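>
Protein chains: 2
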Amino acid sequence: MENYPQTELDIENAASFLGISAQRMQELMERRVLVPNWNEYQHLFRFEHKALHIDIGSVLVQKNDDFSLILGFPKIKRAMLLGPAIKFNFCDIKRVAVEEKMNGYNVRVILLDGKLAALTRSGHVCPYSSEKANDLLDHSFFTENPQLVVYGEMVGPDNPYVPKEIYGIESLELFVFDIRHKDTGLPLPLYERRELAEKYGFRQVRLFGEFDIQEAPSMITDIIREIGRKGHEGVVIKDPKMVLQPMKYTASQSNCSDLQHAMKVYNESGRDFIFSRIVREGFQSVEWDESEKDFRKRCLQLGESILRPMKESIIKVRDGGRVAEEFTIRVKDRATISKFEEYMRRLGMDIVFSEPKTVGNEYLVHMTKVNKSTSDKTLAMWEGQLWS
Amino acid sequence: MENYPQTELDIENAASFLGISAQRMQELMERRVLVPNWNEYQHLFRFEHKALHIDIGSVLVQKNDDFSLILGFPKIKRAMLLGPAIKFNFCDIKRVAVEEKMNGYNVRVILLDGKLAALTRSGHVCPYSSEKANDLLDHSFFTENPQLVVYGEMVGPDNPYVPKEIYGIESLELFVFDIRHKDTGLPLPLYERRELAEKYGFRQVRLFGEFDIQEAPSMITDIIREIGRKGHEGVVIKDPKMVLQPMKYTASQSNCSDLQHAMKVYNESGRDFIFSRIVREGFQSVEWDESEKDFRKRCLQLGESILRPMKESIIKVRDGGRVAEEFTIRVKDRATISKFEEYMRRLGMDIVFSEPKTVGNEYLVHMTKVNKSTSDKTLAMWEGQLWS
């Protein structure tokens, strides 16, 4: 590992940039609201808590005497009942645009010291995502638009967080869904953003179209059914001007797929994660005014999504195995592997990396993350311990 | 309402009874670990937190210079995998006894100032349960065994907590499942307890029998299947001597019935409550080594138990209704109604009581508890608000 010089935050100037007193700035550092990143990224300070109306995951970048603020991912609220939600939330505009919500992980990309850096949702610089971003995105966008940040979804099977085969992607691609200004976080209007992304050859999330508010619920319902059939996730419904807050809505198949994953590793899954997926099914079933036959089909699908993966984990442990998740990453620069390994370790992830395998001009690495909590709890049950 | 004289805890003597310093006793009162009950029960102090190795819900009774301690309900742990759990937990004994676990609410009954008082799980004196206990239990048990406490399940339809028709009970009955000594909480051995209860004509939970450890898992599995068919809850497996800790195990139908209730009032149900019922289904399915057909049947049942009641609540609110639970109570003494009304109010329950209706020599009262959180959240969704 290389040694990187430690960077101190310039309290006075940072405070002045954020419009607060130096004392308040000092406090934010001491209370670890603002925390520096590692290695060559020690001049990036991420918000680990919300403060000064700045969301968690936002990143303050210090460059000599210059500061910039990369705002976090705005939380997109969810429609439970599509019709009422569209009517109520977009009552001030005539038309909404519908883009695909893809199933991957979010990154924000900026130019940093001559290279692209990909910030995760929490504000860490992911070495793997950064290599990919450098490969996938035209750098001239960033030199020509130094005030803009690219918000996108990293999607595909070579994915250390959310590996998915559903999009027919060979390795990993970045799909842009937002471009925002530094410091203010203000988004470009939808069509302006799509044109700009197009100009630089960026891949973008699919635009299904623009619909009148009146026809939107039924059109989007059709889109969601189609998305469900393909096993994709859902949509984000947006004000084309990006003034009103967008909303998301997902297919039943995506809720069930989330549940399948959660129940495989049942003892480490959040109860709220599971609950929220279940609740979505109840509302969709009512809004879609299903026949008894379709309702029972939905019930069976829900039940199977919950029980089948759990059953498989219990059997796996009974037969001497451990519950684990498998990932692959694929890199051009061999150094990225060890950087990513260190990064995972620093995040407290206990992951076993395979020896790199050469595939073309790239290295393929398999990663295994044992789900210790689920494995141990299941084994304890087989040994006869009581639940609680 | 009558006025009752306030009772102060005699700190010195209480401390000496519990074997602690007066200062520590004072602290427990000030930190509200020990809290006095209301009205004529101000000399009953319930443990609202665990302290001095005494469980929550335990009650310290002060009578002149005399003290006694009514210990709480010992938490019975749950077997997830019946076979391994029996083998591991009862390896030191040859045979286990199996009693029915009924679906009602727990009370502890003691003689207090000449009348029976029924303490709930939390250590409150429930006026309704107390009237019932006075009616159902032979008082001579308590005068002849002043050192014993009766632990039982209040079961039946006239039930302000867990109304169930499943046992063919007309109103409400008390089924004894434990008799314990005051102060120490030590239980009577199983057969001694059953004989004593029998002698005083108490109704008791069903004893399915005693089984060799080797045959117990398969015998109990058969019992559980039968219990499930009848819609009953489950069993408690006990060391006949009551030395080893007992364990409980429930039928799938009971888990599903719990889920039905929880999802009807989905926004006030604990996520952990829902999660734990789901997890039980996964383990039972594996242990029972089900066919694919039976497994799919279980999945459908689980899915329906979750979605159908939720769907009904959403439709009810769409059509202008509110999600609510209905209860009835049936009393001989009209004064019990207003006492119970006051009791519910003091516990923070928002319940509407109907006018009492005379039925034979008793009064029947209907109670409606509106589930405000679920009703409001569901209405907000119909109005187009976003989930979060």
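Residue numbers (this note's numbering), protein chains in the order written: chain A, 1 to 388; chain B, 1001 to 1388.
Just so it is clear, CB atoms sit at the ideal spot from N, CA and C, and this is done for glycine as well.
A quick note: this is a predicted structure, and the numbers were derived from the prediction, not measured.
1) Just to make sure I have the definition right: I need the residues of chain A whose C-beta is within less than 7 Å of the C-beta of B/Ala1085. Which are they?
2) May I ask which residues mark the beginning and end of the alpha helix (DSSP H) holding B/Pro1217?
3) Report the residue from B/Val1098, B/Asn1039, B/His1049, B/Leu1060 whose alpha carbon sits nearest the alpha carbon of B/Thr1250.
4) What is the rounded straight-line gap between the Cα of A/Ile392 and the Cα of A/Val317?
5) Using C-beta distances below 8 Å, list every residue in its chain close to B/Met991, excluding the 5 sequence neighbours before and after it, in chain order.
6) B/Leu1300 to A/Leu174, Cα distance in whole Å?
7) For B/Arg1308, which option in A/Gly282, A/Gln204, A/Val107 has the closest C-alpha, if you only look at C-alpha atoms?
8) Could you tell me whether any Cβ in chain A is nearer than 8 Å to the Cβ of B/Cys1299?
9) Residues of the segment 259-283 of chain A in Cβ contact with chain B at a cutoff of 7 Å, in chain order, please.
10) For a contact defined as C-beta to C-beta under 7 Å, what are the partners of A/Lys311 on chain B?
11) Looking only at DSSP bridge pairs, what is B/Leu1119 linked to?
12) Tell me whether the segment 1205-1214 of chain B and the segment 1103-1113 of chain B touch, counting them as touching only if at least three CB pairs, one residue from each stretch, are closer than 8 Å.
13) In this structure, how does DSSP classify B/Arg1203 when only helix, strand and coil are distinguished?
14) A/Leu112: buried (16+ other C-beta within 10 angstroms of its C-beta) or exposed?
15) Just to check, is the beta-carbon of A/Gly123 closer than 7 Å to a non-hydrogen atom of the ligand ZN?
16) Is DSSP giving B/Gln1062 helix, strand or coil here?
17) Measuring CB atoms only, is the segment 115-129 of chain A touching the segment 338-354 of chain A, in the sense that at least three cross pairs come out at less than 8 Å?
18) Kindly say whether B/Ala1079, judged by its beta-carbon, lies nearer than 8 Å to any beta-carbon of chain A.
19) So what's A/Leu364 in DSSP terms, helix, strand or just coil?
20) Could you check if A/Ser388 is buried or exposed, using at least 16 other CB atoms within 10 Å of its CB as the buried criterion?
21) If you reduce the DSSP assignment to three classes, tell me which class B/Ser1254 lands in.
22) Taking only runs that begin and end inside the segment 1261-1299 of chain B, name each unbroken alpha helix (DSSP H) of 4 or more residues, in chain order.
23) Rounded to whole angstroms, what's the CA-CA distance from B/Asp1350 to B/Leu1136? Just pull it up for me.
24) Please report the distance separating the alpha-carbon of A/Met1 from that of A/Met25.
25) In chain order, what residues of the same chain have a beta carbon less than 6 Å from the beta carbon of B/Ile1093, not counting five sequence neighbours either side?
26) Spell out the partners DSSP gives A/Ala51 in its beta bridges.
27) Considering only C-alpha positions, which residue in the set A/Tyr161, A/Gly156, A/Arg46 is nearest to A/Gly168?
28) Quick check: the segment 142-161 of chain A against the segment 79-96 of chain A, are at least 3 beta-carbon pairs closer than 8 Å?
29) I'd like to know whether the C-beta of B/Leu1111 is nearer than 8 Å to at least one C-beta of chain A.
30) Can a CB atom of chain B be found closer than 8 Å to the CB of A/Asn89?
31) Is it buried or exposed for B/Gly1360, if we count other Cβ within 10 angstroms and need 16 for buried?
32) Residues in its own chain within less than 7 Å of A/Cys256 by CB, not counting five upstream and five downstream?
33) Opposite B/Ala1324 in the DSSP bridges: which residues?
34) Let's test the definition: count the other Cβ atoms within 10 Å of the Cβ of A/Pro5 and tell me whether it reaches 16, buried, or not, exposed.
35) Let me confirm a value: B/Asn1371 is counted as buried when at least 16 other C-beta atoms fall within 10 Å, else exposed. Which label applies?
So, from the data block:
1) For the C-beta of B/Ala1085, the chain A residues within less than 7 Å are, from N- to C-terminus, Gly384, Leu386.
2) Segment 1216-1230, the alpha helix (DSSP H) holding B/Pro1217.
3) For the residues B/Val1098, B/Asn1039, B/His1049, B/Leu1060, the minimum Cα distance to B/Thr1250 belongs to B/Val1098.
4) Examination of residue 392 of chain A is not possible in this model, given that chain A is present from 1 through 388 alone.
5) Not covered by the structure: residue 991 of chain B. The range shown for chain B is 1001 to 1388.
6) Looking at the two C-alpha atoms, the distance is approximately 39 Å.
7) Between B/Arg1308 and the set A/Gly282, A/Gln204, A/Val107, the nearest pair of CA atoms involves A/Gly282.
8) With 8 Å as the cut-off, B/Cys1299 counts as an interface residue toward chain A.
9) From the segment 259-283 of chain A, only Tyr266, Arg271, Asp272, Ile274, Phe275, Ile278, Val279, Glu281, Gly282, Phe283 have a Cβ closer than 7 Å to chain B.
10) Chain B residues near A/Lys311: Gly1282, Ser1285, Val1286.
11) B/Leu1119 is bridged to B/Arg1108, B/Val1125.
12) With the rule of 3 Cβ pairs closer than 8 Å, the segment 1205-1214 of chain B does not count as touching the segment 1103-1113 of chain B.
13) B/Arg1203: coil per DSSP, three-state reduction.
14) Buried, by the Cβ-count rule.
15) In the structure on display, the ligand ZN does not appear, and there are no ligands present to speak of.
16) In the structure shown, the three-state DSSP call for B/Gln1062 is strand.
17) Between the segment 115-129 of chain A and the segment 338-354 of chain A there are three or more C-beta pairs closer than 8 Å, enough to call the two in contact.
18) Interface residue, yes.
19) A/Leu364 falls in the strand class under three-state DSSP.
20) So A/Ser388 ends up on the exposed side.
21) Helix, per DSSP.
22) Unbroken alpha helix (DSSP H) runs of no fewer than 4 residues, entirely contained in the segment 1261-1299 of chain B, are found at 1271-1287, following chain order.
23) C-alpha separation (whole angstroms): 29 Å.
24) Any reading at A/Met1 is ruled out, since the residue's pLDDT is 49, under 50, leaving its predicted position unreliable.
25) The residues are Asp1239.
26) Paired residues: A/Ile54.
27) Proximity to A/Gly168 across A/Tyr161, A/Gly156, A/Arg46 peaks at A/Gly156, based on C-alpha coordinates.
28) Output reads no: the segment 142-161 of chain A does not touch the segment 79-96 of chain A.
29) False, the Cβ-Cβ gap to chain A never drops below 8 Å.
30) When Cβ-Cβ separations below 8 Å define contact, A/Asn89 makes contact with chain B.
31) If you draw a 10 Å sphere on the C-beta of B/Gly1360, you find fewer than 16 other C-beta atoms in it, and that means exposed.
32) Listed in chain order, the non-local C-beta contacts of A/Cys256 below 7 Å within the same chain comprise Gln301, Leu302, Ser305, local neighbours out to five positions each way being set aside.
33) In the DSSP output, where bridge partners are listed per residue, B/Ala1324 has B/Val1370.
34) Exposed.
35) Buried: at least 16 other Cβ atoms inside 10 Å.
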